[in-house]
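Trainee: Encoded as structure tokens, here's the structure I'll be asking about.
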Amino acid sequence: MKQGTTDSQRRQGAASLVVRAMLLVLLAGLATPVLSAVELRIDRDRVMVGETVTLTFTADNTDESLETDLSVLEEDFEILDSRREQQLSIVGGRQTAMVRLLLTVEPKRDGDIQIPSFRFGDSRTRPVLLRVEPAPELAEGELPPVFIEVEVTPGDGPYYVHAQFGLVVRVLYHPNLTEAAISQPEPAPASVRLLEETPYQAERGGKRYRVLERHYAVFPERSGELVVPAMELSGRLLENRPGDIWKQSVRGRRVRAASEEIRLQVEPRAEAFTGDDWQPARKLKVSQQISSGDTLRVGEPVTRTVMVDAVGLEENMIVEPTWPPIENARIYPDQPQGITRDDGRWVLGHKEFRYAVVPEQHGELVLPEVRVDWWDTQADEQRLAVLPEQRLAVMPADLAPPAAAALPPVPDQAASLPAADAGKGSELFWKGMALAFALMWLATLLLVWRLLARVRAPSGLNGTEAVESIDGNALLKAFRNACRNGDPASARRALQRWLARHETGGQGSVLEFAAGTGDPDLRLGLYDLDARGFKPGVQGDWDGKMLWRLFEGWRTRKLAAAAGERAPLTDLYAPENRVNPGG
Numbered sequence: 226m227k228q229g230t231t232d233s234q235r236r237q238g239a240a241s242l243v244v245r246a247m248l249l250v251l252l253a254g255l256a257t258p259v260l261s262a263v264e265l266r267i268d269r270d271r272v273m274v275g276e277t278v279t280l281t282f283t284a285d286n287t288d289e290s291l292e293t294d295l296s297v298l299e300e301d302f303e304i305l306d307s308r309r310e311q312q313l314s315i316v317g318g319r320q321t322a323m324v325r326l327l328l329t330v331e332p333k334r335d336g337d338i339q340i341p342s343f344r345f346g347d348s349r350t351r352p353v354l355l356r357v358e359p360a361p362e363l364a365e366g367e368l369p370p371v372f373i374e375v376e377v378t379p380g381d382g383p384y385y386v387h388a389q390f391g392l393v394v395r396v397l398y399h400p401n402l403t404e405a406a407i408s409q410p411e412p413a414p415a416s417v418r419l420l421e422e423t424p425y426q427a428e429r430g431g432k433r434y435r436v437l438e439r440h441y442a443v444f445p446e447r448s449g450e451l452v453v454p455a456m457e458l459s460g461r462l463l464e465n466r467p468g469d470i471w472k473q474s475v476r477g478r479r480v481r482a483a484s485e486e487i488r489l490q491v492e493p494r495a496e497a498f499t500g501d502d503w504q505p506a507r508k509l510k511v512s513q514q515i516s517s518g519d520t521l522r523v524g525e526p527v528t529r530t531v532m533v534d535a536v537g538l539e540e541n542m543i544v545e546p547t548w549p550p551i552e553n554a555r556i557y558p559d560q561p562q563g564i565t566r567d568d569g570r571w572v573l574g575h576k577e578f579r580y581a582v583v584p585e586q587h588g589e590l591v592l593p594e595v596r597v598d599w600w601d602t603q604a605d606e607q608r609l610a611v612l613p614e615q616r617l618a619v620m621p622a623d624l625a626p627p628a629a630a631a632l633p634p635v636p637d638q639a640a641s642l643p644a645a646d647a648g649k650g651s652e653l654f655w656k657g658m659a660l661a662f663a664l665m666w667l668a669t670l671l672l673v674w675r676l677l678a679r680v681r682a683p684s685g686l687n688g689t690e691a692v693e694s695i696d697g698n699a700l701l702k703a704f705r706n707a708c709r710n711g712d713p714a715s716a717r718r719a720l721q722r723w724l725a726r727h728e729t730g731g732q733g734s735v736l737e738f739a740a741g742t743g744d745p746d747l748r749l750g751l752y753d754l755d756a757r758g759f760k761p762g763v764q765g766d767w768d769g770k771m772l773w774r775l776f777e778g779w780r781t782r783k784l785a786a787a788a789g790e791r792a793p794l795t796d797l798y799a800p801e802n803r804v805n806p807g808g
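Number 362 in the working numbering belongs to position 137 of the sequence shown; there are no gaps in the numbering.
Next comes the structure, spelled out in structure tokens:
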């Protein structure tokens with residue numbers, strides 16, 4: 226009986242010890258933070274040189290930062306991308322969370338590469354072995370799957386400073402290339418302009434390649450040696466893996482290619498060139514347009530537009546032609562206008578130079594010959610482009626009022642009249658003339674008195690200023706109405722009279738006023754008005770409303786500036802003295 230009791234006590238003691246141990250383990254677990262294990266996996270354990278591998282570090286604790294020293298990878302791998310992400314999932318009603326660090330790396334060599342162990346706190350990953358196979362070797366004479374061709378045109382030179390030469394860059398690849406990036410040509414010292422990019426297919430070494438061809442225009446900025454550095458290309462080649470002709474590599478194999486470096490000798494301005502301005506081009510021509518009506522009169526402008534077109538020369542390098550002096554004429558040059566286009570191979574520079582020529586004497590106006598010296602880069606010799614002179618007939622100015630109608634001839638009866646009758650007729654004539662002049666003098670005095678009476682009280686100005694203000698507004702209204710009605714002849718007369726009083730010191734020259742406005746649009750509009758103003762009648766193609774808007778803008782700016790500089794005179798521009806644009 227005693228033995229049975231002892232065995233029972235022993236069993237109870239052992240059970241008690243087990244329970245105590247379990248409680249201790251549970252309490253220890255509650256008191257100690259959970260240590261997460263970090264696991265490393267790679268998406269493939271065998272790759273080819275140029276292909277990438279993804280390393281995934283995974284921890285089941287979202288508080289894990291996954292920060293570690295990755296520099297140990299840099300000896301054998303190029304780290305291309307790094308990203309961190311969290312993942313939450315529910316499986317069988319149980320919620321789990323994890324955090325991952327993904328690295329995209331590319332092996333730098335072939336052979337067996339061991340990815341070392343990484344420490345994350347108290348946890349370590351296990352080392353992983355990666356086998357890197359060499360890239361497929363090229364057979365003798367076989368071209369690589371990706372390469373770059375570079376060509377210079379013309380291939381045999383010569384190459385001159387500021388003269389364009391062509392640079393052709395071809396990227397050839399087989400079969401497919403993705404994520405491709407190529408560095409731009411950076412010749413020094415020179416400027417570069419991309420002209421055209423063309424994709425096509427071509428055959429090299431019995432293999433069909435895809436080609437991306439780019440044409441560049443290069444302009445050397447200094448003479449001496451010019452270096453075009455090697456251009457580098459990187460991308461991923463999508464190709465079938467060896468032994469599996471059906472399955473194409475999804476990620477692609479990274480490939481790199483580089484062009485050859487190019488060195489050229491750039492010549493300075495040719496010693497044989499005798500012109501003033503160095504203009505090297507493949508082609509250059511000069512043409513002109515002359516705008517004039519059926520007749521040209523003294524004071525009327527004629528516009529001569531000289532156009533220069535060059536192949537292989539940008540418009541900013543085209544120099545303005547020089548004119549010899551013109552007798553009895555004034556020249557008003559306008560701002561040159563230019564543009565540079567291209568035909569895919571060469572730049573095409575176009576520049577226009579406009580001149581308003583105003584004859585000051587009737588007879589013949591000679592627009593002189595224009596000569597442009599340039600250097601032919603194809604023939605390597607100097608050439609001369611000539612614009613022939615133009616002769617225009619100039620009529621006298623038609624500004625005088627029409628002559629009074631001639632009186633009908635009176636038979637000569639003096640011989641048959643007595644001397645007393647002749648003297649009496651002469652006396653009556655002179656008395657009549659004196660009476661007429663007296664009446665005209667009285668009428669003038671009456672008109673001046675009325676004008677002074679109208680302006681003396683409200684304006685506070687002296688009589689001369691008041692009369693000028695009223696006359697000026699009347700002339701501006703006449704100018705505005707003529708512009709709105711499309712009547713350039715009337716508009717020119719009104720503007721010229723207004724200018725004679727207010728702007729040009731009594732000269733009243735529309736062209737001189739246009740040249741001094743400082744507004745290119747208004748200047749051209751006034752040139753056009755001056756040319757049309759000698760043709761009476763309404764001209765439907767003349768935009769007088771636009772000219773009035775430009776003139777009003779100029780006048781508003783001028784009045785505002787004058788008001789700022791001379792505050793005591795602001796009442797000169799009171800509303801009652803302005804021309805109402807809408808009235």
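Ideal Cβ placement from N, Cα and C applies to all residues, glycine included.
Measure from the alpha carbon of E525 to the alpha carbon of each residue in E540, D755, P414, then state which is nearest.
Mentor: Working through the sequence shown from its first residue, we reach residue 525 at position 300. The shortest C-alpha separation from E525 is found at D755.
Trainee: Taking the beta carbon of E540 as the centre, do at least 16 other beta carbons fall within 10 Å, making it buried, or is it exposed?
Mentor: Against the sequence shown, residue 540 aligns to sequence position 315. Result: buried.
Trainee: If you run the structure through DSSP and keep just helix, strand and coil, what is R269?
Mentor: Looking up residue 269 in the sequence shown gives position 44. Here R269 sits in coil by DSSP.
Trainee: Can you say whether M456 is buried or exposed, counting buried as having 16 or more other CB atoms within 10 angstroms of its CB?
Mentor: Taking the first residue of the sequence shown as position 1, residue 456 is located at position 231. It counts as buried.
Trainee: Reducing DSSP to helix, strand and coil, say where K510 ends up.
Mentor: Position 285 of the sequence shown, counted from the start, is the residue given in the question as residue 510. The answer is strand: DSSP assigns K510 an E or B state.
Trainee: Relative to the C-alpha of N401, which residue among L437, A388, A506 is closest?
Mentor: Along the sequence shown, read from residue 1 onward, the residue named residue 401 stands at position 176. Nearest of L437, A388, A506 to N401, Cα basis: L437.
Trainee: Along the chain, where does the beta strand (DSSP E) containing Q615 start, and where does it finish?
Mentor: Locating residue 615 in the sequence shown gives position 390, where the first residue counts as 1. Here the beta strand (DSSP E) through Q615 covers 615-620.
Trainee: Quick check on the DSSP output: what are the complete alpha helix (DSSP H) runs of length 4 or more inside the segment 377-446, in order along the chain?
Mentor: Listed in chain order, nothing qualifies, since the segment 377-446 has no complete alpha helix (DSSP H) run of 4 or more residues.
Trainee: Following the continuous beta strand (DSSP E) through G477, name the residue where it begins and the one where it ends.
Mentor: Indexing the sequence shown from 1 puts residue 477 at position 252. Per DSSP, G477 belongs to no beta strand (DSSP E) and is neither H nor E.
Trainee: Kindly indicate the opening and closing residues of the alpha helix (DSSP H) around R351.
Mentor: Here residue 351 is taken as the residue at index 126 of the sequence shown, counted from 1. Element bounds for R351: n/a, residue is neither H nor E.
Trainee: In angstroms with no decimal places, state the Cα-to-Cα distance between A788 and T781.
Mentor: In the sequence shown, counting from the first residue as 1, residue 788 sits at position 563. In the sequence shown, counting from the first residue as 1, residue 781 sits at position 556. Each residue's alpha carbon lies about 10 Å from the other.
Trainee: Between E331 and the rest of its own chain, which residues show a CB-CB distance below 8 Å, the 5 nearest in sequence each way excluded?
Mentor: What you label residue 331 is simply residue 106 of the sequence shown in a count that begins at 1. The answer, listed in chain order, is G275, E276, T277, V278, F302, E303, L305, R479.
Trainee: When we look at the beta-carbon of M771 and count the other beta-carbons within 10 Å, is it buried (16 or more) or exposed?
Mentor: Reading the sequence shown from its first residue, position 546 is the one you call residue 771. So M771 counts as exposed.
Trainee: Using CA coordinates, which residue listed in P454, G449, R481, L451 is at the minimum distance from L462?
Mentor: For this step, residue 462 is matched to residue 237 along the sequence shown. Answer by Cα proximity: R481.
Trainee: Assuming contact is defined by CB atoms lying nearer than 7 Å, are V393 and H440 in contact in what I supplied?
Mentor: To locate residue 393, count along the sequence shown from 1; it is residue 168. To locate residue 440, count along the sequence shown from 1; it is residue 215. Result yes, Cβ atoms of V393 and H440 sit closer than 7 Å.
Trainee: Tell me, to the nearest whole angstrom, how far the beta carbon of V353 is from that of I267; I am working on the premise that it is less than 8 Å.
Mentor: Counted from its first residue, the sequence shown places residue 353 at position 128. Counted from its first residue, the sequence shown places residue 267 at position 42. Correct: roughly 6 Å between the Cβ atoms.
Trainee: Tell me which same chain residues have a C-beta within less than 8 Å of the C-beta of Q490, skipping the five on either side of it?
Mentor: As a first step, residue 490 is located in the sequence shown; it is residue number 265 there, counting from the start. Answer for Q490: G382, Y384, G449, E450, L451, listed in chain order.
Trainee: What three-state label does DSSP hand V274 in the structure shown?
Mentor: What you label residue 274 is simply residue 49 of the sequence shown in a count that begins at 1. Looking at V274 - three-state DSSP - the assignment turns out to be coil, as it is neither helix nor strand.
Trainee: Can you have a look at E577 and say buried or exposed, based on whether 16 or more other CB atoms are within 10 angstroms of its CB?
Mentor: Against the sequence shown, residue 577 aligns to sequence position 352. Result: buried.
Trainee: Going by Cα to Cα distance, which pick from V357, S290, A785 is closest to R325?
Mentor: Mapped onto the sequence shown, residue 325 falls at position 100. Of V357, S290, A785, the residue nearest in Cα terms is S290.
Trainee: According to the Cβ coordinates, are H587 and P550 closer than 7 Å?
Mentor: One-based indexing of the sequence shown puts residue 587 at position 362. One-based indexing of the sequence shown puts residue 550 at position 325. No, the Cβ-Cβ distance between H587 and P550 is not below 7 Å.
Trainee: Looking at the structure shown, is K770 part of a helix, part of a strand, or coil, going by DSSP?
Mentor: Position 545 of the sequence shown, counting from 1, holds the residue named residue 770. Correct three-state label for K770: helix.
Trainee: With G750 as the anchor, note down where its alpha helix (DSSP H) starts and where it stops.
Mentor: On the sequence shown, position 525 is the one that residue 750 refers to. That run of the alpha helix (DSSP H) goes 745-757.
Trainee: Distance check for P445 and R308, CA to CA, integer angstroms please.
Mentor: The residue given as residue 308 occupies position 83 in the sequence shown. The residue given as residue 445 occupies position 220 in the sequence shown. Their Cα atoms are separated by approximately 45 Å.
Trainee: Measure the beta-carbon distance from A719 to L700 and round it to whole angstroms, keeping in mind my assumption that it falls under 8 Å.
Mentor: Start at 1 with the first residue of the sequence shown, and residue 719 comes out as number 494. Start at 1 with the first residue of the sequence shown, and residue 700 comes out as number 475. Rounded, the Cβ-Cβ distance is 5 Å, consistent with contact.
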